[in-house]
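Participant: In my numbering, the protein residues as written are 47 to 267.
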């Protein structure tokens, strides 16, 4: 089945709902750039679940799932926290859900809709918004269960070798705006990709294996 998302989303104002019970988020400065991320919980999240957004190890936003409607699940993500810098534009977004006393990473897919930020990265500028669909239950944080995705050389000028510790079912090359440049279905653990015709800049390699998405930044010089 195909999910159809209405357009007309906009950046949300800062929420004043009651504090979260389990996730401790210090908050951010709404006078600086704020990225609004709508969450479609699908069948994997329930009302009351607490979800946080991270840039690396730094928590930059959090919310409580209100219901199954993505329109009601708006997370304000801050470029400037109350006492330190928040997210860096271009860094990958990590989402984690509170489960049994710990935070576990979620797999998700950005839904490309008109005017929305479609990459799984933090955008530059203010008033940006995006829509993320949760794809499965919280992914295991056990390193033994996580695949390793590598790109060499990076930065690249001509051909890059993309390798994974597991079979790559799908491989996407995205530009910095999240637009799909190429889509491949390797079906193996290694593939060579010719990028010498692409303009210089930041790109993203998204690899999907057994329903889980992995992403890495690729710099083309």
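All residues carry an ideal CB built from backbone N, CA and C; glycine is no exception.
#1: With residue 217 and residue 197 assumed to form a contact (beta carbons below 8 Å), what rounded beta-carbon distance in angstroms separates them?
#2: Less than 7 Å between the C-beta atoms of residue 200 and residue 264, yes or no?
#3: Just to check my reading of the structure: residue 99 and residue 107 have Cβ atoms closer than 8 Å, yes? What is that Cβ distance to the nearest angstrom?
#4: Using the C-alpha atoms, what's the distance from residue 207 back to residue 110?
#5: Can you tell which of 115, 125, 113, 146 has its C-alpha closest to the C-alpha of residue 68?
#6: Three or more beta-carbon pairs under 8 Å between the segment 146-164 and the segment 125-134, yes or no?
#7: From the beta carbon of residue 239, is the nearest beta carbon of chain D less than 7 Å away?
#8: Who does residue 127 pair with in a DSSP beta bridge?
#9: Report, in whole angstroms, the separation of the C-beta atoms of residue 227 and residue 247, which I expect to be a contact under 8 Å.
#10: Report the CB separation of residue 193 from residue 260 in whole angstroms; it is logged as a contact under 8 Å.
Facilitator: By the coordinates alone:
#1: The Cβ separation is near 11 Å, so there is no contact.
#2: For the pair residue 200 and residue 264, the CB atoms are nearer than the 7 Å cut-off.
#3: 4 Å
#4: Using only the alpha carbons, I get a separation of about 40 Å.
#5: Selected option, being the one with the closest Cα: 146.
#6: no
#7: Included in the structure is just one protein chain, with no chain D present.
#8: 74
#9: Their Cβ separation, rounded to whole angstroms, is 11 Å, which puts residue 227 and residue 247 out of contact at 8 Å.
#10: 6 Å
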